[in-house]
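Undergrad:
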Amino acid sequence: MRLILKLYAFSLALVLVNGILSYEQYANIFKINNDILVSDACKKQINNLDFNTGFTMFDASSKIIYPGLIYATPIEYGIYDECVAIDVTNEDTNILGKHCVGVRTDVSIPIGSNIKNVKLENLFSFNQNISISGKDPKSLTLPAIQAGYCVPNKCTVDDLNKLFEAVTVPGVISFNFNDAICTTKNTGKELDTADICVISLLVIILAFIIVSTTYDVIQEKNKLAKKGYLIAFSLYTNTKKLVHVGPKEKEQIPIFHGLKFISMMWVIAGHGFGTNIAVPLFNMADILVWMKQRYIQYITAAPLAVTTFFFISGFLLPFTYLKLFKGKGIVQQVKFIPMNYLHRYLRLTPAAAMVFLVTISIIRHLGSGPMFYAAMVQNGNICKNHPWSFFLYFQNYYNYDQLDICLAQTWYLSADMQMFWLSPLFLIPTAAYIGKKYNAVMMSLFGFCIVTIILPIVITFKYPDYTNTYGTHTCMCNYVVGFIFGTFMRENIDKPFVFRKNRSFMNLLVWIVTLLIMYAIVYITADIFMGHMTSNTKKILNGIMPPLWSMCLGWMVYSCFHGYGGVVNWILTRPILQVGSRLSYCIYLLHMTVLIHNISFTRGKIYFNDWSQFYTWCGYFIISVIFAFIWTLSFESPIIILEKVAFGGNKKTLKKEKTINA
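The sequence shown runs -19 to -1, 1 to 643 under mature numbering (1 follows the signal peptide of the UniProt record, and there is no 0).
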């Protein structure tokens, strides 16, 4: 009973001392005296506040002592929509409600079992750091408190900081304000030059789509010939191509459709988890226990999906290139490089460029919320600060910090493009000598693969403070493993399955070993996430597991290609996955924008559990697919057609060039 009374007394003391949790104390903030130097505009609005408006502002503002203080995320935004709806005129003074999020970064609230070891008077402790790995899964200290306050719109952040400091006791909760997280109902409504330019570009593209589709339909109806460049933007033709499901051709690798699409679903699950825990949660303490559960391996192992993409890229390059250039002279191959580079750049850049343009412009107008405008502007500013590294594909070395990458997921595009640029160093000699010196070429590739595995491990040991995990050198081994398997498959495409005797048994045995290895990698990845590994062990495993995963994928491809993939092959070759595979690039480009856009709407706390994660993932996935469908038809498919028209050649030649860069 004494403890309860003591807690109640402590809460009451905070109410009185902090000057925020009762209306009278809240009103005191706006009682201007001569010692507080605030702007004249702010003074005028405050002096003209009536009781109803003032009380509405108080009602819409955060109350620091909220239920779940040591259980929920220490973020309390108040009632954003109630605040920004305020629009009154008193004595010729128009007053709008302005919602500002105050932040205190040097204060920490212990969450979960940490509270057992905290003295009551030190409940709000200072300068504690957040850490999860290797600690009690029921404990966490969050290093910031955020609270939303509703104030008159003419009061600047300097005014607010002065007003709040004047009514609080030093050392007790007070907040710092920033213009970036203060919004009214008019915030973000003004269109700047970038907005107008992007909207104009979208209108022009829409006009192209309408005209091109109309022409296509008329020509189709009248059974007349069509000009390729006039149907480049046609929804009719491009949609038919996008949803077309064709039979397996001899040299196709059909399981790549399933691998790409399912890997993309996995990426969305991983990124969705990472963004969902960034929003205020009712049960933050529960999530700490959840993050230590073994069954969430499907989340912790999501980075392996990116390993799969690197493997596929590395595989397809020699598999298609050697078909055309095996045995050809070095000079002939070198002449092809510039066109190949240009094709690759035109294949990837237009769709990515449109995401870039939307991010730096109009997206900030497409929503609202306590943190919406700030989040959208911040993302846009990152891209504005690094346009050249984005369009030249070297973000993963120039601005590689996770919070400083324009469209954070596009670090993969930088790494993939860089490996494509380097690929002629291996493609040309491989194509020139593979027919004469097969064993020597394969041994050379194996040797280089070992180097790419060892090099990142050595770097992490020699330079422990080097934090760039997105560098091309860290993931090149997966690309090289794919390159080796692609070369092997091309050279042995007409040869029978490797096992001549006891074929079914040996195939099953290798499949069992492969799947066990892949599960072990998933299991160990979870161990690393949970902090069960020493630093040195983690460095070694992080260097070994991705290429091992890629080797397992190599067996899957080989076995399925020869018809021994069983149920795995059946699942990965479903016709609908062909369509999903064609959308996977635009899904990858857009899904993080969808995720961030959604969480930026957050008004208050949400409840976290497995089912909420599943339903949220379904929403993210479906919306990403819908936008990817639109993006592919508008910005990706037209460029492919226009490129063919621009660079000429008959259909056969164009088909080959597309295959080389698949």
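Glycine included, every Cβ here is placed at the ideal spot set by N, Cα and C.
Quantities reported herein were computed from a predicted structural model and do not represent experimental measurements.
Which same chain residues end up closer than 6 Å to TYR381 when comparing Cβ atoms and leaving out the 5 residues on each side of it in sequence?
TA: Excluding sequence neighbours, TYR381 sits near ASN449 and TYR451.
Undergrad: Going straight from the alpha carbon of SER342 to that of GLN390, what length do you get?
TA: Approximately 19 Å between the Cα atoms of the pair.
Undergrad: Which word fits LYS632, buried or exposed, when buried means at least 16 other C-beta atoms lie within 10 angstroms of its C-beta?
TA: Residue placement at LYS632 is flagged as unreliable, the pLDDT there being 46, under the threshold of 50; the coordinate-derived value follows with that caveat. Answer is exposed; the Cβ neighbour count stays below 16.
Undergrad: Taking THR137 as the reference, which of GLN26, LEU216, SER181 and TYR374 has the closest Cα?
TA: When only C-alpha atoms are compared, the closest one is GLN26.
Undergrad: Identify, in the order they occur along the chain, each residue of the same chain with its Cβ nearer than 8 Å to the Cβ of ILE258, setting aside the five sequence neighbours on each side.
TA: Taken in chain order, the residues that qualify are ILE268 and PHE589.
Undergrad: Quick one: is GLY83 buried, meaning 16 or more other Cβ sit within 10 Å of its Cβ, or exposed?
TA: That one is buried.
Undergrad: Give the list of continuous alpha helix (DSSP H) stretches no shorter than 4 residues that lie fully inside the segment 253 to 304.
TA: List check, alpha helix (DSSP H) in window: 265 to 271 and 278 to 281.
Undergrad: Hey, out of SER565, ILE621 and ILE577, whose CA is closest to PHE237's CA?
TA: Closest option to PHE237, Cα to Cα, is SER565.
Undergrad: So, is ASP160 buried or exposed, given that buried needs 16 or more other C-beta atoms within 10 angstroms?
TA: Classification for ASP160: exposed.
Undergrad: Where does PRO351 land, buried or exposed, given buried means 16+ other C-beta within 10 angstroms?
TA: PRO351 should be labelled buried.
Undergrad: For LYS143, which three-state DSSP category applies?
TA: Helix at LYS143.
Undergrad: Would a C-beta distance cut-off of 7 Å place residue 649 and ALA213 closer than the cut-off?
TA: Coverage of the chain is limited to positions -19 through 643, which leaves residue 649 absent and any answer about it impossible.
Undergrad: Measuring straight from C-alpha to C-alpha, what distance separates TYR460 and PHE401?
TA: Approximately 10 Å between the Cα atoms of the pair.
Undergrad: Measure the C-alpha to C-alpha separation of ILE577 and VAL312 and round it to an integer number of angstroms.
TA: When rounded, the distance between both Cα atoms is 48 Å.
Undergrad: What's the gap between the Cα of LYS100 and the Cα of CYS456?
TA: Low per-residue confidence applies at LYS100: pLDDT is 40, beneath 50, and the placement is therefore not dependable enough to give any value.
Undergrad: Leaving out five residues on either side along the sequence, give the residues of the same chain with a beta carbon under 8 Å from the beta carbon of LYS520.
TA: So the list reads ILE438, THR441 and PHE442, once near-sequence residues are dropped.
Undergrad: For THR340 and CYS64, what's the separation of their Cα atoms in angstroms?
TA: Those two C-alpha atoms are separated by around 27 Å.
Undergrad: Using beta-carbon positions only, say whether PHE300 and MET470 come within less than 7 Å of one another.
TA: It is a contact, given that the beta carbons lie within the stated cut-off.
Undergrad: How far does the beta strand (DSSP E) with LYS229 in it extend, from its first residue to its last?
TA: Neither: LYS229 is in no beta strand (DSSP E) and is coded neither H nor E.
Undergrad: For a quick check, are the C-beta atoms of PHE602 and GLY348 less than 7 Å apart?
TA: No, the Cβ-Cβ distance between PHE602 and GLY348 is not below 7 Å.
Undergrad: Give every residue of the same chain whose Cβ lies closer than 6 Å to the Cβ of ALA396, excluding the five residues on either side of it in the sequence, and list them in chain order.
TA: Same-chain partners within the cutoff: ASN377, THR453 and CYS456.
Undergrad: Touch check for the segment 321 to 331 and the segment 279 to 288: three-plus C-beta pairs under 8 Å?
TA: They do not touch, by the three-pair rule.
Undergrad: According to DSSP, which residues form a beta bridge with ILE157?
TA: Here residue 157 is Asn; the residue named in the question, Ile, does not match the sequence. According to DSSP, which records beta bridges pairwise, ASN157 is partnered with VAL84.
Undergrad: CA-CA distance, ALA412 and GLN594?
TA: Straight-line Cα distance between these residues: approximately 48 Å.
Undergrad: Excluding the 5 residues preceding and the 5 following ARG484 in the sequence, name in chain order all residues of the same chain whose CB lies nearer than 8 Å to its CB.
TA: Result list for ARG484: PHE478 and TYR545, in chain order.
Undergrad: I'd like to know if the segment 259 to 278 and the segment 420 to 439 are in contact, where contact means that at least 3 CB-CB pairs between them fall below 8 Å.
TA: Too few Cβ pairs lie closer than 8 Å, so no.
Undergrad: Let me confirm a value: ASN488 is counted as buried when at least 16 other C-beta atoms fall within 10 Å, else exposed. Which label applies?
TA: Buried, because 16 or more other Cβ atoms sit within 10 Å of the Cβ of ASN488.
Undergrad: Use the C-beta contact count for LYS625: other C-beta atoms within 10 angstroms, 16 or more gives buried, fewer gives exposed.
TA: When all chains shown are included, LYS625 counts as buried.
Undergrad: Please identify the residue among VAL491, ASN33, GLN127 and ASN75 whose C-alpha is closest to the C-alpha of GLU57.
TA: Taking only the C-alpha atoms, the option nearest GLU57 is GLN127.
Undergrad: Since ALA250 and TRP598 are thought to touch, with beta carbons under 8 Å apart, how far apart are those beta carbons, to the nearest angstrom?
TA: Confirmed, Cβ separation roughly 5 Å.
Undergrad: At 3 residues or longer, and completely inside the segment 440 to 486: list those beta strand (DSSP E) runs for me, N to C.
TA: DSSP runs (the beta strand (DSSP E)) wholly in the segment 440 to 486: none.
Undergrad: Between the alpha carbons of VAL192 and TRP551, how many angstroms are there, rounded?
TA: Cα to Cα, the separation comes out at about 41 Å.
Undergrad: Per DSSP, what kind of secondary structure is GLU201 in: helix, strand or coil?
TA: Helix at GLU201.
Undergrad: Taking ILE474 as the reference, which of ILE177, PRO261 and VAL538 has the closest Cα?
TA: For ILE474, the nearest C-alpha among the options comes from VAL538.
Undergrad: Three-state secondary structure (DSSP) at GLU72?
TA: Looking at GLU72 - three-state DSSP - the assignment turns out to be coil, as it is neither helix nor strand.
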